[in-house]
Amino acid sequence: MTLFRDLYWRSYDAFMMNLWGQKLVLALGILLVTFIARKFVSKWIFNRISKMAKKTKYQWDDILVTSFKKPLDYFITFTGVYFAVLALPLSISANLMIALVFKILFIVLVAYGVYKMEGFYGHLFAGIGNRLNVKRSNLLRAFTIKIFRAGTVVLAGVLILDLLGFDISTFVAGLGLAGLALALAAQDTLQNVFAGVTIIFDKPFDVGDRILSNGIDGVVEDINFRSTRIRTLELEYVTIPNSNISNNAIVNFTKRDERKVKMHIGCLYSTKADSLKIVIENIRETLMKDPEVITKSINVNLDTFGESSIDILVMYLTATSDWNRYLEIKERINFEIMTIMETAGVDFAFPSQSLYFENPLRIEQKTE
38 MTLFRDLYWR SYDAFMMNLW GQKLVLALGI LLVTFIARKF VSKWIFNRIS
88 KMAKKTKYQW DDILVTSFKK PLDYFITFTG VYFAVLALPL SISANLMIAL
138 VFKILFIVLV AYGVYKMEGF YGHLFAGIGN RLNVKRSNLL RAFTIKIFRA
188 GTVVLAGVLI LDLLGFDIST FVAGLGLAGL ALALAAQDTL QNVFAGVTII
238 FDKPFDVGDR ILSNGIDGVV EDINFRSTRI RTLELEYVTI PNSNISNNAI
288 VNFTKRDERK VKMHIGCLYS TKADSLKIVI ENIRETLMKD PEVITKSINV
338 NLDTFGESSI DILVMYLTAT SDWNRYLEIK ERINFEIMTI METAGVDFAF
388 PSQSLYFENP LRIEQKTE
């Protein structure tokens with residue numbers, strides 16, 4: 038035991054007398070303190086700040102606390118690692134490199150926190166919405182968030198390039214010449230971007246609206262700098278360039294409060310006039326009594342004498358814009374019309390043709 042104890046203390050003294058050994062112990066101590074501080078800040082201080090933010094009448098402080106929680110944890114860890122590495126007896130060039138890496142990581146963490154502040158952007162947008170008269174536009178809100186995020190990424194990239202020694206002023210000046218060439222080479226892209234901005238502020242539709250444009254019928258799911266994405270009624274995902282939408286007529290089905298029903302009911306030519314009058318009057322009366330049909334829109338009339346039927350025009354507006362509810366109302370009324378036809382003894386016509394022969398038609402059966 039005495040031998041092992043003596044070897045242990047001799048090794049310990051040799052390690053501690055060595056500069057690297059001392060610095061390594063110091064670095065490990067800094068790391069230990071860092072992880073303890075991270076737990077303390079995350080569990081106690083951060084929770085207290087979060088509770089204090091929730092007690093205020095403002096929302097932006099809650100958003101800031103939530104957005105920067107994870108970047109703050111990373112920052113404490115990187116700071117501890119940074120000072121732990123600086124405690125080691127490294128060369129001056131190595132220390133400068135480590136300092137540069139730490140600065141870059143700091144910029145990345147701040148940019149990450151700002152990038153995740155989606156709720157803050159929405160709160161900011163709601164604050165200025167009254168002046169722009171677009172505070173209820175989900176489309177503009179989403180577009181604004183994308184602009185802020187893109188700006189954050191670009192700014193962080195410029196700052197990192199500056200730290201790496203690039204001449205930012207020359208770079209920005211070069212963008213002027215490059216921008217002209219880029220504008221000429223990307224006219225379609227720029228046209229789509231400006232068309233997207235026009236759509237945003239003109240507000241012909243919003244995210245979630247069902248629209249019809251250039252033959253595409255569906256629900257708007259997203260709009261970005263270049264295109265608008267629509268989910269069709271067949272659940273197909275269609276991407277349309279913004280310029281195509283901006284330059285074509287747009288029908289917004291969601292903005293209306295009612296839907297139109299227009300159809301023709303074909304009756305046999307053998308139907309008596311009195312029977313047709315009864316059918317027309319009963320259909321009109323049924324629509325007038327229906328609470329989900331707009332009374333002023335009802336039109337039920339004998340319309341045309343078709344090739345194979347006498348056509349009754351039935352036209353009305355349903356008091357809903359919801360597609361599923363519209364189909365339910367239309368189905369219910371169609372069944373009521375069928376009952377009226379059956380009660381009046383009037384049959385539906387179907388396309389048919391009559392053939393007339395100049396000479397009597399003779400049918401012969403040949404037997405083998």
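Quick note, in the working numbering, the sequence shown goes up one by one and the last residue is 405. Glycine residues also receive a C-beta, built at the ideal position from the N, C-alpha and C atoms.
For residue i, the residue or residues it bridges with in DSSP
i: G303; result: D348
i: S264; result: P278
i: G255; result: I248, T269
i: L354; result: K297, I331
i: F72; result: Per DSSP, none; premise fails for F72.
i: F385; result: C304
Cut-off 7 Å between Cβ atoms - residues of its own chain near residue i, not counting five sequence neighbours on either side
i: Y363; result: R296, T355, T357
i: N285; result: S250, N251
i: I184; result: none
i: I141; result: I197, L200
i: A386; result: G303, C304, L305, S345, S346
i: K107; result: none
i: N132; result: L123
i: G343; result: G303
i: S283; result: A232, T235, I236
i: T332; result: M325
i: N281; result: N251
i: A121; result: A64, I67, L68
i: Y191; result: For clarity, residue 191 is Val in the given sequence; the question names Tyr instead. Cβ within range, chain order: n/a, list empty.
i: R186; result: Y152
6 Å Cβ shell around residue i - same chain, five flanking residues per side excluded
i: V298; result: Y353, K367
i: A193; result: I144, A148
i: P388; result: S345
i: V406; result: Coverage of the chain is limited to positions 38 through 405, which leaves residue 406 absent and any answer about it impossible.
i: A51; result: Reliability of the predicted coordinates at A51 is poor, the pLDDT of 47 falling under 50, and the value obtained from them is presented with this limitation in mind. If we look at A51 and ignore the five residues flanking it on each side, it has no Cβ neighbours.
i: E395; result: none
i: D327; result: none
N-terminal and C-terminal residue of the beta strand (DSSP E) that residue i is part of
i: V147; result: Segment 129-152 is the alpha helix (DSSP H) holding V147; no beta strand (DSSP E) there.
i: V337; result: 330-342
Beta carbon proximity, residue i to chain C, threshold 9 Å
i: T265; result: Absent from the structure: chain C. Only one protein chain is present.
Contacts around residue i, its chain only, beta-carbon distance under 8 Å, and the 5 residues preceding and following it disregarded
i: I377; result: V316, N319, I320, T323
i: V288; result: I248, L249, S250
i: G117; result: I67, L68, V70, T71, F72, A74, R75
i: V275; result: I253, G255, R266, I267, R268, T269
i: W314; result: Checking the sequence shown, residue 314 turns out to be Lys, not Trp. Taken in chain order, the list of residues that qualify is empty.
i: D340; result: H301, D348, I349, L350
i: F115; result: F139, L142, F143, L146
i: E273; result: G255
i: T308; result: I347, V383, D384
Proximity of residue i and residue j at Cβ, strictly below 9 Å
i: V151; j: T93; result: no
i: S312; j: V383; result: yes
i: D246; j: F290; result: yes
i: L125; j: A64; result: yes
i: V330; j: I374; result: no
i: I349; j: H301; result: yes
i: L127; j: I135; result: yes
i: K292; j: F242; result: yes
Where the alpha helix (DSSP H) through residue i begins and ends
i: R293; result: Careful: R293 lies outside any alpha helix (DSSP H) and carries neither H nor E.
i: M121; result: Reading the sequence as shown, one finds Ala at residue 121 and not Met. That run of the alpha helix (DSSP H) goes 106-123.
i: W360; result: 360-381
i: L324; result: 310-326
Contact belief for residue i with residue j at Cβ below 8 Å, rounded distance in angstroms
i: F139; j: Y119; result: 5 Å
i: I253; j: I236; result: About 15 Å separates the two Cβ atoms, so there is no contact after all.
i: F203; j: G233; result: Not confirmed; about 31 Å, so no contact.
i: V78; j: I113; result: 6 Å
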